[in-house]
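Enquirer: Counting along the sequence shown from 1, when you hit position 38 you're at 38 in my numbering, and nothing is skipped either side. Ideal Cβ placement from N, Cα and C applies to all residues, glycine included.
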Amino acid sequence: SVPRGAFGSLGDSLLRVDLSNNELNHMEDNALTGLRHLLFLNLSRNDLIRFNSDVFK
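#1: Measuring CB to CB, does D29 end up less than 8 Å from D54?
#2: Would you kindly report the start and end of the unbroken beta strand (DSSP E) that includes F40?
#3: Do N21 and R45 have their C-beta atoms within less than 8 Å of each other?
#4: If you draw a straight line from the C-alpha of N52 to the C-alpha of L10, how long is it?
#5: Considering R16, what are the terminal residues of the beta strand (DSSP E) in which it resides?
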């Protein structure tokens, strides 16, 4: 699982996040909070079925 605020202070510098092939099945609300400059997010080949839109807040 990806915990709340997982990327913390990196949010201002990350452009790409690749979480593919990690057997993820859950993402906490606000897990991707603060990724203001994110251009690419790869969640392929995980066990995610669904997640709340709050993941991206």
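Expert: To lay it out plainly:
#1: Closer than 8 Å, so yes.
#2: F40 to N42
#3: yes
#4: 22 Å
#5: R16 to D18
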